[in-house]
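Plus 7 on top of the position in the sequence shown (first one is 1) and you've got our numbering.
Okay, structure first, notes after.
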Amino acid sequence: MRSENEMLELILNFARLDDRIRLVLMNGSRVDPSATHDQFCDFDIVYFVRNIKSFTKDESWIETNFGKILILQKPDDWFSHPYDYESNQPFAYLIQFLDGNRIDLTLVDLENIGNYTSEASGEPSRILLQKDPIQGVTDYDKFDKFYVRLPNKKEFMDTCNEFYWLAPYVSKGIIRKELIYVKTIMETVQFEQLYKLLNWSVATRFKTPVRIGKFSKNLHRYLKSKDYEDLLNCFSGADFEDIWGKEINAIRLFHRHAQVVAGFMDFPYDDQLESKIIHFLESVKIDHKF
8 MRSENEMLEL
18 ILNFARLDDR
28 IRLVLMNGSR
38 VDPSATHDQF
48 CDFDIVYFVR
58 NIKSFTKDES
68 WIETNFGKIL
78 ILQKPDDWFS
88 HPYDYESNQP
98 FAYLIQFLDG
108 NRIDLTLVDL
118 ENIGNYTSEA
128 SGEPSRILLQ
138 KDPIQGVTDY
148 DKFDKFYVRL
158 PNKKEFMDTC
168 NEFYWLAPYV
178 SKGIIRKELI
188 YVKTIMETVQ
198 FEQLYKLLNW
208 SVATRFKTPV
218 RIGKFSKNLH
228 RYLKSKDYED
238 LLNCFSGADF
248 EDIWGKEINA
258 IRLFHRHAQV
268 VAGFMDFPYD
278 DQLESKIIHF
288 LESVKIDHKF
């Protein structure tokens, strides 16, 4: 696997030799001192270029200059939103190389910078190479975008509503023995609300801003050990009886932390809703002799 220095030299050397590339910007985890730094860190690179069409019409330059590709994705040219290759819209290549390195490379045409100024993107970034000054593109070291933002009253109440609203969906799927449906509703849709609430609850305990990370990946670092243990006890296997119990665990955990956030923010919260939902689920279970 090529080292960080080797990859950066490839990225910069290509830019130095290609007159179309006028500025190279790096953002993401490699410019974030508090991020996890290991061999899995992507190289998040932005090339500000002249004539973006000359790059997007023939992508052979990627493998020629950066190495053998395992798989490449083009999120700006997707079945649901095809890219107009005659345009000068920004274009991203997400590139996983065979040696384990990954570059997320975005091309931005100088005639259409749009939201790619440093302040507009809101992401920490560092200029690696600058042939020309480009207005609005600078080193940017603000991390506000990644801090947990406490909710307003409407967001809090809607999050609670959505979490509890989904509980009967889980019971319905269990009774029907629709495993994929149940697991998707519970551990993807419903737990999205749970993670959001837990992030808020954590943020109420700290005087300094908290950064949980994408998909709440660092939540375990901030939760109290008992809360983390309770969170782990919300994940089930493929047994329906187990799923039922884990749903009850999730409801109780959510309720406890909803009380924390509501108390801290002075928001209204229905303290009886948890017991009502659990009673409803238990009655469904009894009625269907599950």
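All residues carry an ideal CB built from backbone N, CA and C; glycine is no exception.
All figures in this text were calculated on a predicted structure; none of them were measured in a lab.
Should Leu79 be labelled buried (16 or more other beta-carbon atoms within 10 Å of its own) or exposed?
exposed
Need the endpoints of the beta strand (DSSP E) that Pro80 sits in, please.
Reading the sequence as shown, one finds Gln at residue 80 and not Pro. Per DSSP, Gln80 belongs to the beta strand (DSSP E) from Ile76 to Gln80.
Between which two residues does the beta strand (DSSP E) carrying Asp111 extend?
Arg109 to Asp116
How do the segment 115-123 and the segment 80-93 stand: do at least 3 beta-carbon pairs fall below 8 Å, yes or no?
no
Suppose the cutoff is 8 Å on Cβ atoms and the five residues either side in sequence are ignored; what does the same chain contact list for Ile255 look like?
Ile285 and Leu288
Got a sec, what are the start and stop residues for the beta strand (DSSP E) Val53 sits in?
Phe50 to Val56
C-alpha gap between Asn95 and Asp65, whole angstroms
15 Å
Measure the C-alpha to C-alpha separation of Val257 and Leu77 and round it to an integer number of angstroms.
The sequence as given places Ala at residue 257; Val does not occur at that position. Their Cα atoms are separated by approximately 39 Å.
Would you say Ser243 and Met193 are within 9 Å of each other, going by their C-beta atoms?
yes
Which whole-angstrom value describes the C-beta separation of Asp106 and Arg9, a residue pair presumed to lie in contact below a C-beta threshold of 8 Å?
6 Å
From Ser232 to Leu157, what does the alpha carbon distance come to, in whole angstroms?
22 Å
Evaluate Ala265 with the Cβ neighbour count: other Cβ atoms within 10 Å of its Cβ, from every protein chain shown; 16 or more gives buried, anything less gives exposed.
buried
Does the distance from the CB of Gln197 to the CB of Leu173 come in under 9 Å?
yes
Beta carbon of Ser223, beta carbon of Asn206: below 9 Å?
yes
By alpha-carbon positions, which one of Ala210, Asn159 and Gly121 ends up nearest to Asp273?
Asn159
Option in Ile110, Arg27 and Thr71 with minimal Cα separation from Phe47:
Ile110
Exposed or buried, Asn108, counting other C-beta atoms within 10 Å across all chains shown (16 or more means buried)?
buried
By the DSSP assignment, the alpha helix (DSSP H) with Val267 in it spans what residues?
Phe247 to Met272
Taking C-alpha atoms, which residue in Ile69, Lys203, Gly220 and Phe213 lies nearest to Ser36?
Gly220
Might you give, ordered along the chain, the residues of its own chain that have their beta carbon closer than 8 Å to the beta carbon of Glu236, omitting 5 neighbours on each side?
none
Bridge partner(s) assigned by DSSP for Ser132:
Asn34 and Tyr147
In the DSSP assignment, find the unbroken beta strand (DSSP E) run with Ala42 in it and report its ends.
It is not in any beta strand (DSSP E) - Ala42 carries neither H nor E in the DSSP assignment.
Burial state of Asn122 (16 or more Cβ within 10 Å)
exposed
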